[in-house]
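So that you can map any letter, position 18 of the sequence shown is 1093 in our numbering, and since no number is skipped, the others follow by simple counting. Structure first, then comments.
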Amino acid sequence: MVRKVTANVYMTLDGRGAFPQYPGWDRPSREPGALFREMWIARYGDVTTVVMGRRSFLGHQKVWSGRARKPDDPPYMHDYSNFLDRTEKVCLSRHLTKTDWEKSRIAKGDLGRIIGQLKRKSGGNILIEGGPRIVQEVLRRNLADDY
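This is the structure in structure tokens:
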């Protein structure tokens, strides 16, 4: 069975793909809002691989790895951190050479080849997480099955 690839882009309603205060926008609530629930929690049940660009990867590692969690963080933050820690993470980067985040690796080379190899591997579905640059390229090259 071929794995399904879903592209998930981070973008504000006014079309911006940068979040200079991230992750501050989601911290005030003890419970996940509808946006968080739909964007992340509802999507990760069948995902076993997450693909990110370098900036998204480093940001996720800093903010969302289990090491970043505090005991008093809301449960949904622990849930998402646990998901990322147990999931294969592929960082697309021309510059990084290593990572210390468990179950993660750096991938270099042609995006189509990398996604194709991942789709042919056994496992659950693949989630492309990131900003407009990586998702735009995935969509331009018709590499996503859903978005």
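All residues carry an ideal CB built from backbone N, CA and C; glycine is no exception. In this text, all values refer to a predicted model and were calculated from it rather than measured experimentally.
Practice prompt. Determine, using beta-carbon pairs with one atom in the stretch 1130-1137 and one in the stretch 1201-1209, whether at least three such pairs fall under 8 Å.
Written response: yes
- Message: Quick check on DSSP: helix, strand or coil for Ala1117?
- Response: helix
**Q.** Simplified DSSP assignment, three categories, for Ser1179
**A.** strand
In this structure, does DSSP put Asn1157 in helix, strand or coil? helix
Open item on the list: Using CA atoms only, rank isn't needed, just tell me which of Ile1189, Gly1198, Lys1196, Ser1197 is closest to Glu1212.
Closed with: Ile1189
Review point. To the nearest angstrom, how far is it from the Cα of Gly1099 to the Cα of Asp1175?
Key: Legend: pLDDT at Gly1099 = 49, less than 50; position of this residue unreliable, no value from coordinates given.
Can you give the beta carbon distance from Leu1191 to Asp1121, rounded, assuming they're within the 8 Å contact cut?
Looking at the sequence shown, residue 1191 is not Leu but Gly. At roughly 20 Å, the Cβ-Cβ gap does not stay under 8 Å, so Gly1191 and Asp1121 are not in contact.
| query | Expressed to the nearest angstrom, what Euclidean distance is found between the alpha-carbon atoms of Asp1089 and Lys1194? | reply | 33 Å
Inset, instruction - Output the boundary residues of the alpha helix (DSSP H) element that contains Lys1164. - result: Here Lys1164 belongs to no alpha helix (DSSP H); instead the beta strand (DSSP E) covers 1163-1167.
**Request:** Determine the direct distance from the alpha carbon of Arg1078 to that of Thr1124, and round the result to whole angstroms.
**Result:** 10 Å
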